[in-house]
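If you're matching positions, the sequence shown starts at 54 in this note's numbering and goes up one per residue. The C-beta atom is built at its ideal place from N, Cα and C for all residues, glycine as well. Following: one structure in structure tokens, then a few remarks.
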Amino acid sequence: MKDTATFEKSVQKLDAIVTKMESGDLTLDESLKLFEQGVKLTRACQKTLADAESKIEKLMAEVESQ
Numbered sequence: 054m055k056d057t058a059t060f061e062k063s064v065q066k067l068d069a070i071v072t073k074m075e076s077g078d079l080t081l082d083e084s085l086k087l088f089e090q091g092v093k094l095t096r097a098c099q100k101t102l103a104d105a106e107s108k109i110e111k112l113m114a115e116v117e118s119q
């Protein structure tokens, strides 16, 4: 459950970053920092999703082999 909570929180943080950046009220430096955070969060989310997909594929293979 911890991974799911972490994933959900990361998605919420990404959403907040997008909202802030779309506001147009940030300096260039602030925008770059938020963009960097967004990239890191995106990579973490992609890894979590890839791990989940791999786990599902393994479970499905086990079910099909029975």
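Label residue i either buried or exposed according to how many other C-beta atoms from any shown protein chain fall within 10 Å of its C-beta, with 16 as the threshold for buried.
{"i": "I109", "result": "exposed"}
Compare the beta carbon distance of residue i and residue j with 8 Å and say whether it is the shorter of the two.
{"i": "S118", "j": "L94", "result": "no"}
{"i": "K73", "j": "L79", "result": "yes"}
Do you know how far the Cα of residue j is from the Cα of residue i?
{"i": "A97", "j": "F88", "result": "14 Å"}
{"i": "A103", "j": "L67", "result": "18 Å"}
{"i": "L112", "j": "G91", "result": "31 Å"}
{"i": "S107", "j": "T101", "result": "10 Å"}
In terms of residue numbering, what span does the alpha helix (DSSP H) encompassing residue i cover?
{"i": "L112", "result": "L81 to S118"}
Given the structure, does residue i come close to the ligand SAM, in the sense that its CB is under 7 Å from one of the ligand's heavy atoms?
{"i": "S118", "result": "Absent from the structure shown: the ligand SAM. Ligands present: none."}
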